[in-house]
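Residue numbers for the sequence shown follow the UniProt record's numbering, so the first one is 1 and each next one is one higher. For every residue, glycine included, the Cβ atom is placed at its ideal position computed from N, Cα and C. What you are looking at is a predicted structure, and each value in this text was computed from that prediction instead of being measured. First the structure, in the form of structure tokens, and then the observations on it.
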Amino acid sequence: MTAYPQRVRDSILPLSVGKTLPEAFEEWSFTDRTIDHEEPIETCELCEQEALRYHFEIKNHLTKNQMMVGSKCILKFGLSVFEEGRKLNPADAKKKLDRLMQQMRLESCVRALERLAATENNVILTNALAYYRKNKYLTPKYSFVVLWRLQKHAIDHSPTFFKINLQKDKYQRDLREMPKSQIPFIWPALNSAQRKKAIELGHTKPDI
Ligand SMILES: [Zn+2]
């Protein structure tokens with residue numbers, strides 16, 4: 001049998017009908033409710049893992065008890081994840097939780113951009129916000145202005161959550177022509193393939 005930490009047992013059994021962990025796990029499912037606490041300050045109520053930024057709500061369908069946990073625990077303990085009434089297999093459950101995480105990251109970027117657009121009377125920022133909402137990514141030019149101004153105004157944000165599009169030739173041209181001094185601002189938002197591309201286009205990895 002798998003050995004479960006005592007704290008998992010202590011958290012879940014008093015809130016469940018089943019007397020063993022596998023029985024108890026069967027009773028719990030993800031409610032589709034998530035919370036982004038903006039900073040890694042929360043704890044998983046199931047395993048007591050600390051420094052969680054995102055909480056996922058689970059509910060026991062027999063006792064109606066609820067807990068806020070990390071997505072890892074939902075997957076690790078095989079708690080049910082549903083999509084339109086259908087229980088998902090583990091691979092699809094993981095995909096769904098990943099999708100929700102992406103959504104929360106997108107919303108967090110939109111909130112940072114909204115704060116930024118409200119701070120500065122700057123049409124570029126208003127346009128960047130509208131563009132990001134519509135396309136869910138930024139162009140290289142927008143990303144520089146946005147990340148530079150966010151930093152300048154010390155608006156809380158996670159640069160790595162912003163997505164930059166380099167698919168179009170124009171965006172690659174814009175990246176190639178970008179002044180060296182601007183690269184450190186957008187670097188954290190580039191994924192590893194895009195960083196490689198930036199180096200191919202003549203830029204160097206910034207010291208940040
Ligand atoms: Zn946990």
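beta-carbon residue i near ligand 1 non-hydrogen atom, thresh 7 Å
{"i": "residue 46", "result": "yes"}
{"i": "residue 209", "result": "Past the edges of the chain, shown from 1 to 208, lies residue 209, and the structure says nothing about it."}
{"i": "residue 205", "result": "no"}
{"i": "residue 66", "result": "no"}
{"i": "residue 49", "result": "yes"}
{"i": "residue 73", "result": "yes"}
Bridge-paired residues (DSSP) for residue i
{"i": "residue 60", "result": "28"}
{"i": "residue 80", "result": "29"}
{"i": "residue 54", "result": "36"}
{"i": "residue 97", "result": "Residue 97 is not bridged to any residue."}
{"i": "residue 106", "result": "Beta-bridge pairing links residue 106 to no other residue."}
{"i": "residue 138", "result": "164"}
Start and end residues, beta strand (DSSP E) containing residue i
{"i": "residue 69", "result": "66-69"}
Local conformation of residue i per DSSP, three classes
{"i": "residue 126", "result": "helix"}
{"i": "residue 12", "result": "helix"}
{"i": "residue 150", "result": "helix"}
{"i": "residue 87", "result": "strand"}
{"i": "residue 45", "result": "coil"}
{"i": "residue 166", "result": "coil"}
Residue i versus residue j: straight-line alpha-carbon distance, rounded
{"i": "residue 1", "j": "residue 58", "result": "Summary for residue 1: the model assigns pLDDT 46, below 50, so the residue's position carries little reliability; its value from the coordinates is reported in the next sentence. So the two alpha carbons sit approximately 24 Å from each other."}
{"i": "residue 69", "j": "residue 98", "result": "15 Å"}
{"i": "residue 168", "j": "residue 139", "result": "10 Å"}
{"i": "residue 79", "j": "residue 166", "result": "38 Å"}
{"i": "residue 17", "j": "residue 108", "result": "38 Å"}
{"i": "residue 15", "j": "residue 60", "result": "8 Å"}
{"i": "residue 102", "j": "residue 116", "result": "21 Å"}
{"i": "residue 163", "j": "residue 46", "result": "32 Å"}
Limits of the alpha helix (DSSP H) - the one that residue i falls within
{"i": "residue 160", "result": "Where residue 160 is concerned, there is no enclosing alpha helix (DSSP H), given that its DSSP letter is neither H nor E."}
{"i": "residue 199", "result": "192-200"}
{"i": "residue 184", "result": "183-186"}
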